[in-house]
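Counting from 124, one number per residue, gives the positions in the sequence shown under our numbering.
Structure first, commentary second.
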Amino acid sequence: MHSAHRTAPPQALGRFGIFSHELRSEDPTLQDQRRHAAAELEDLGFGAIWLGGNSNVHHAAKLAASTEHIALATGILNIWYEDADAVARQRAELEHAYPNRFLLGLGASHAQLAQNYQRPYSTMVEYLDALDNAATPVPADRRILAALGPKMLRLARDRAAGAHPALVTPEYIEQARGVLGDGPLLAPVVTVILESEPARAREIARGHLDLYLQLPNYIASFERLGFTDEDFTGGGSDRLVDALATWGTDDAISTRLAEFHTAGADHLALQLITAEGSETPPRAQWRRLADLTGITQDEAPRTESAGGLPKFGDDHIPSGQGRAE
């Protein structure tokens with residue numbers, strides 16, 4: 124039997140985190156920039172770094188030594204490509220070195236993006252079973268699911284800390300909270316574009332949305348929110364784009380983010396989208412996000428971490444106490 128509800132993970136995530144593909148980049152020339160950017164996000168008061176794309180425990184391990192207390196999460200680890208036993212072992216090693224800082228975000232990806240994609244729900248159930256039965260089990264409250272539909276949301280409620288959906292609206296959040304109940308964590312990815320000129324903001328947003336408008340599970344999610352085929356053509360209607368991307372003046376962006384919290388979100392993983400699409404961390408824009416969200420150092424989680432990150436396969440990060448500069 125699995126418990127009907129889970130509480131939020133032990134580490135406090137705060138109200139805002141940063142969802143970043145840049146901090147997951149494999150570009151060796153940007154290694155120092157990634158380390159310093161992660162440390163700055165912590166200093167700014169963000170509660171979590173969500174490593175975007177097909178991330179894994181190794182990516183979180185690389186940032187752990189550069190930070191002291193900020194939570195690190197995969198956003199998401201693709202269950203089609205990562206062996207559950209290996210993931211459980213790596214997570215246990217990272218947890219031993221840096222307690223209460225890692226949250227394992229899991230997702231079933233999409234049929235177009237994964238080989239051997241067959242039964243995403245059943246495969247996720249089997250993967251969670253494997254994590255439960257591993258030599259070093261992953262506790263349910265240390266994992267979160269990239270759930271969109273009601274069935275996967277119920278699984279996130281029953282067998283994980285909660286849900287980490289993407290490309291959603293405050294209306295979706297209200298519906299998802301109804302499925303999850305009061306206890307589980309609801310930490311959506313929220314797309315933010317720091318642009319107040321409508322045509323330019325929508326152009327940037329459409330560049331980001333293009334892939335997702337080709338994925339049936341996202342189309343189904345949009346349809347549940349009342350969007351129709353007309354909204355999915357030409358890169359997305361203005362109505363769809365404005366619902367899925369938060370843009371405008373700083374006040375307008377702050378107001379929109381508040382709507383997600385009011386609807387029932389616990390934590391917002393802010394994904395900053397820029398026209399450049401560079402792998403270089405957009406640190407200046409992240410500072411602006413920190414200002415407009417009003418986060419303070421007091422919001423950042425405070426947990427003691429031990430030094431000495433263990434070796435993960437061929438990746439080894441020198442051990443050290445606290446932040447490695």
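Glycine included, each C-beta is placed from N, C-alpha and C at the ideal position.
Just so we're clear, the structure is a prediction, and the values are computed from it rather than from any experiment.
Residue 416 in three-state terms, based on DSSP: helix
Buried or exposed (CB count within 10 angstroms, at least 16 for buried), residue 192: buried
Test item: CB-CB of residue 267 and residue 387 under 8 angstroms: no
Proximity test, residue 304 beta-carbon vs the ligand ZN heavy atom, cut-off 7 angstroms: The ligand ZN is not part of the structure shown, which contains no ligands of any sort.
Buried versus exposed, by CB contacts within 10 Å (16 or more), residue 354: buried
Residue 230 versus residue 392: straight-line alpha-carbon distance, rounded: 16 angstroms
The region 378-387 in contact with the region 289-309 per 3-pair CB rule at 8 angstroms: yes
Residue burial classification, residue 95 (beta-carbon count within 10 angstroms, cutoff 16): With the chain covering only 124 through 448, there is no way to say anything about residue 95.
Within the region 261-334, ranges of the beta strand (DSSP E) (whole runs, at least 3 residues): 266-268 and 312-316
Three-state secondary structure (DSSP) of residue 177: coil
The region 297-312 contacting the region 332-342, beta-carbon criterion three pairs below 8 angstroms: no
Three-state class that DSSP yields for residue 426 in the structure shown: Residue placement at residue 426 cannot be trusted, given a pLDDT of 42 that sits under 50; what the coordinates show is reported in the next sentence. DSSP places residue 426 in coil when its eight states are reduced to three.
Supposed close pair residue 418, residue 175 - CB separation, criterion 8 angstroms: So it is not a contact: roughly 20 angstroms between Cβ atoms.
Rounded C-alpha distance that separates residue 257 from residue 214: 11 angstroms
Residue 330 versus residue 232 - alpha carbon distance: 20 angstroms
Residue interval of the beta strand (DSSP E) (run including residue 257): Run containing residue 257: none; DSSP gives neither H nor E here.
Rounded straight-line distance, which links the Cα of residue 316 to that of residue 328: 7 angstroms
Beta strand (DSSP E) runs contained entirely in the region 358-393, provided each spans 3 or more residues: 368-370
Identified DSSP bridge partners for residue 228: 267
Best match in 219, 221, 409 and 304 for proximity to residue 281 [C-alpha to C-alpha]: 304
Integer Cβ distance of residue 332 from residue 364, believed to fall under 8 angstroms: 7 angstroms
DSSP three-state assignment for residue 451, whether helix, strand or coil: One cannot answer for residue 451 here, as it falls past the ends of the chain, which runs 124 to 448.
Backbone secondary structure at residue 171 - three-state DSSP: strand
Length of the line joining the Cα atoms of residue 398 and residue 324: 9 angstroms
Strand pairing of residue 141, partner residues [DSSP]: 172 and 393
Rounded Cβ spacing between residue 403 and residue 156 (contact assumed at less than 8 angstroms): 6 angstroms
Under the three-state DSSP convention, the category residue 245 falls into: helix
Own chain residues within Cβ distance below 6 angstroms of residue 350, not counting five before or after: 363
Euclidean distance between Cα positions of residue 306 and residue 262: 16 angstroms
Simplified DSSP state of residue 250, which is helix, strand or coil: helix
Contacting residues, own chain, Cβ-Cβ under 7 angstroms from residue 243 (five flanking each side not counted): 231
Residue 221: first and last residue of the uninterrupted alpha helix (DSSP H) it sits in: Unbroken run through residue 221: none, as it is neither H nor E.
Option in 135, 270, 205 and 413 with minimal Cα separation from residue 226: 135
Beta-carbon proximity list for residue 204, same chain, < 7 angstroms, skipping 5 on both sides: 177
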